[in-house]
């Protein structure tokens, strides 16, 4: 006597039985292990996953390479990665020429701190003129972290 099951999918299985009567339930039998092979053929899940990943990769390459060359052709090197300051020598001299409003540091005396300005600290100061006079002034200093921009 036997039982045939046609609904089991391919895989590893174990079978244990026990008798049940009106008197009592019996003990479980020792497990019987068996394998139902995949007889359908076809692709296994691992191979299918590899194929899907490969197709996605090929599609990305197929669209990515032309896009890269189009972007490079269209923009080229117009977008520099670093800013370079270039000065036209017709308008600017390479030699430093002090402006008329600049004064030597020796002629300035800082008296009192007034507060923080937009670029740095502001001080109350005195400017010693050439004719031995003193003019009260505000002295603006630049932060160390300030840039040229």
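Residue numbers (our numbering): 135 to 283.
Glycine included, every Cβ here is placed at the ideal spot set by N, Cα and C.
Residue i, enclosing alpha helix (DSSP H) - first and last residue
| i | result |
| --- | --- |
| residue 184 | 179 to 209 |
For residue j and residue i, the rounded distance between their alpha carbons
| i | j | result |
| --- | --- | --- |
| residue 298 | residue 236 | Since the first residue shown for the chain is 135 and the last is 283, residue 298 is missing from the structure and cannot be characterised. |
| residue 137 | residue 152 | 15 Å |
| residue 221 | residue 243 | 35 Å |
| residue 265 | residue 248 | 27 Å |
| residue 203 | residue 219 | 29 Å |
| residue 194 | residue 174 | 33 Å |
| residue 139 | residue 189 | 39 Å |
Minimum C-alpha distance to residue i - residue among the options
| i | options | result |
| --- | --- | --- |
| residue 240 | 263, 278, 222 | 263 |
| residue 150 | 167, 225, 158 | 167 |
| residue 169 | 144, 187, 224, 255 | 144 |
| residue 238 | 185, 260, 222 | 260 |
| residue 277 | 157, 251, 162, 227 | 251 |
Contact belief for residue i with residue j at Cβ below 8 Å, rounded distance in angstroms
| i | j | result |
| --- | --- | --- |
| residue 253 | residue 280 | 6 Å |
| residue 270 | residue 256 | About 13 Å; that fails the 8 Å criterion. |
| residue 148 | residue 171 | Incorrect: roughly 16 Å between the Cβ atoms, too far for contact. |
Limits of the unbroken beta strand (DSSP E) element including residue i
| i | result |
| --- | --- |
| residue 267 | Segment: none, residue 267 is in no beta strand (DSSP E) and carries neither H nor E. |
| residue 148 | 145 to 149 |
| residue 248 | 242 to 250 |
| residue 167 | 166 to 170 |
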